[in-house]
Amino acid sequence: MDYAIPTGLVLVTGVVLAVLAQRRGWQPSLAVSLGVGLAVRVLIMAFAAASHWQPIDYVNSFRPAGEAILNGGNPVNSGWHFLPTIPYVYGLLLWAGIPWEIAGRLVTVVADLILIPLVGRLAGGRDAGLRAFQYACNPLALLVASLHGQVEPVSLVFAVAAYVVARGPGEWSRGEPLLDRPARMWRSFVSPGPEDVTATRRAVYAGLLMGLALCAKSWPAILIPGMLMFLPGLRSRIVAMVAVAVPPVAFLLTMPLGGWVRWDQLTEVLKTISLRPSDVRPITGDWGWTAISSGGNWDLSTWKLKLGQYLIYAVAAFCLYWWRKADPIDVTIAILLGFMIVTPRLGAQYLLWFMPFLVARPTRWAWPVIIGCSAWAATGYLILTQFRGQAWGELHSPWAMSSVILFPLLIAAIPWSRREAAPALPAPAEASPVSSKSA
């Protein structure tokens with residue numbers, strides 16, 4: 005890494021601008037937010053593309069997946085563990101002659117730019133411009149999209165769009181809970197009201213968008229409950245779930261149809277992309293409780309992975325129950341922050357998962373946790389990469405174990421006081437129930 009100092013200066017400047025905007029009540033126009041977002045993302049991408057140092061997975065996993073598409077091979081191999089959607093884009097950009105150092109990051113930078121107005125739409129209300137600007141300045145988004153080239157922004161752009169579409173225009177009012185009594189859910193299915201009928205089209209589009217999010221990576225499955233909560237009644241939620249399955253199945257079938265794999269290899273492809281929990285690679289030790297238990301060293305421990313998965317399921321179920329009457333964005337924030345606390349394995353890019361939602365609808369501790377997580381990730385991206393071999397390993401261990409310092413902030417940032425969404429108000433001059441207010 006030979007551009008740590010200028011990148012760090014850009015990140016610090018972004019944080020200062022975002023905090024100043026909050027304190028002074030700035031409401032930049034979308035053009036300003038997009039201009040700032042484009043400038044800083046392209047600048048860091050230029051630093052990264054011109055450098056001799058490249059992230060190891062960017063070179064050894066992402067590029068081979070794109071080259072496999074060009075050469076008619078299987079992109080879902082030991083380096084790429086997801087559906088071939090992103091490798092198709094990589095292959096197209098490489099075919100167009102764009103150098104890999106730019107092509108691989110172009111996908112994520114464009115997606116992250118589109119997230120800027122989507123975060124504003126997700127926030128809604130009078131703070132929409134502020135929230136869009138704050139995401140444009142988000143330091144972790146800059147690192148993940150422009151430096152690392154990790155595809156989290158691609159999943160997030162479709163997932164956040166699914167939330168916006170599912171919520172629909174105007175003010176959102178809470179419908180029946182996601183976990184409701186079976187009799188009420190059945191009645192809403194067989195005897196849909198006018199709102200359910202109107203929501204069916206939204207359900208189709210939202211489901212397709214969430215399905216596209218799953219085509220980039222599998223983790224957005226954890227966002228599906230929040231999307232469903234925006235839809236009224238069982239009927240629209242079933243329609244949305246059916247629509248969610250369409251893009252992943254379609255992209256999976258493109259592999260044998262396009263000649264990249266044989267039909268009899270689809271079973272192995274499904275195992276590789278880890279659709280079953282038992283197929284997830286048991287690499288732990290980079291974060292949280294598994295880092296403490298292993299002394300900050302990588303650990304191929306199956307029992308830790310299984311325990312962590314059960315903890316994730318338990319946390320998600322608890323959040324869905326505890327926040328069953330809350331705004332779906334708050335439910336999503338709670339689930340994602342809870343995931344970060346109990347997960348047995350984590351890459352720094354995972355911390356981007358909750359950023360659009362927490363920026364759009366911040367809690368009182370939102371910015372301490374955004375700055376804290378960004379600083380921890382930046383340490384790994386900008387400082388640890390100055391070292392190699394044993395020197396890197398000696399620094400990696402305390403860095404990984406230091407992640408637990410963030411846990412009090414993650415817990416504090418959970419929307420504990422927002423367990424019930426405010427009812428919709430008829431007067432247009434009143435505040436929207438989805439306006440972004442700190443709790």
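Using our numbering, read the sequence shown as starting at 5 and increasing by one per residue.
Where is the CB? At the ideal position from N, CA and C, for every residue including glycine.
### Message
Taking contact to mean 3 or more Cβ pairs, one atom from each stretch, closer than 8 Å, check whether the region 411-420 and the region 336-351 are in contact.
### Response
yes
### C-alpha gap between L96 and I102, whole angstroms
9 Å
### Query
Looking only at its own chain, which residues have a Cβ that is under 7 Å from the Cβ of R423, when we skip the five neighbours before and after it?
W326, W327, K329 and A330
### Buried or exposed (CB count within 10 angstroms, at least 16 for buried), D268
exposed
### Task
Under the assumption that L134 contacts Q58 (Cβ atoms under 8 Å), give the Cβ distance between them as a whole number of angstroms.
No, L134 and Q58 are not in contact; Cβ-Cβ is about 35 Å, not under 8 Å.
### Which of helix, strand or coil DSSP assigns to E175
coil
### Message
Can you find the residues in the same chain that come closer than 8 Å, C-beta to C-beta, to L15, ignoring five residues on each side of it along the sequence?
### Response
P143, L146, L147, S378 and A382
### Message
For I277 and R27, I'd like the C-alpha separation in whole angstroms.
### Response
44 Å
### Query
alpha helix (DSSP H) containing K275: first to last residue?
L270 to T276
#### Entry: Cβ shell of A136 (< 7 Å), same chain only, five flanking positions each side left out
L34, S37, I120, P121, V123 and G124
### Message
Can you tell me whether I60 is buried or exposed? The criterion is at least 16 other CB atoms within 10 Å of its CB, across all chains shown.
### Response
exposed
### Query
Relative to the C-alpha of M359, which residue among A69, P68, Y139 and T11 is closest?
Y139
### Query
Run through DSSP, which three-state label would D6 get?
coil
### Query
Considering only residues of the same chain and omitting the five flanking positions on each side of L24, which have a CB-CB separation below 6 Å?
none
### Where the alpha helix (DSSP H) through R135 begins and ends
A132 to A140
### Task
Pull up the CB-CB distance for A220 and V158, whole angstroms please, since I reckon it's below 8 Å.
4 Å
### Task
Look up I287 in the DSSP assignment and give the residues it is bridged to.
L304
### Message
Using only the alpha-carbon positions, how far apart do C141 and L213 sit?
### Response
25 Å
#### Entry: Three-way DSSP call (helix, strand, coil) for K221 in this model
coil
#### Entry: Pair within 8 Å by beta-carbon distance, R130 and A52
no
### Query
Fully enclosed by the region 299-357, which alpha helix (DSSP H) runs are 4 residues long or longer?
306-326 and 332-346
### Task
Determine the contact status of A217 and A166, defining contact as a CB-CB distance below 8 Å.
yes
### Query
Expressed to the nearest angstrom, what Euclidean distance is found between the alpha-carbon atoms of Y317 and W223?
13 Å
### Message
Given a cut-off of 8 Å on the beta-carbon distance, is the pair A149 and R67 in contact?
### Response
no
### Query
What are the residues that DSSP puts in a beta bridge with E156?
Beta-bridge pairing links E156 to no other residue.
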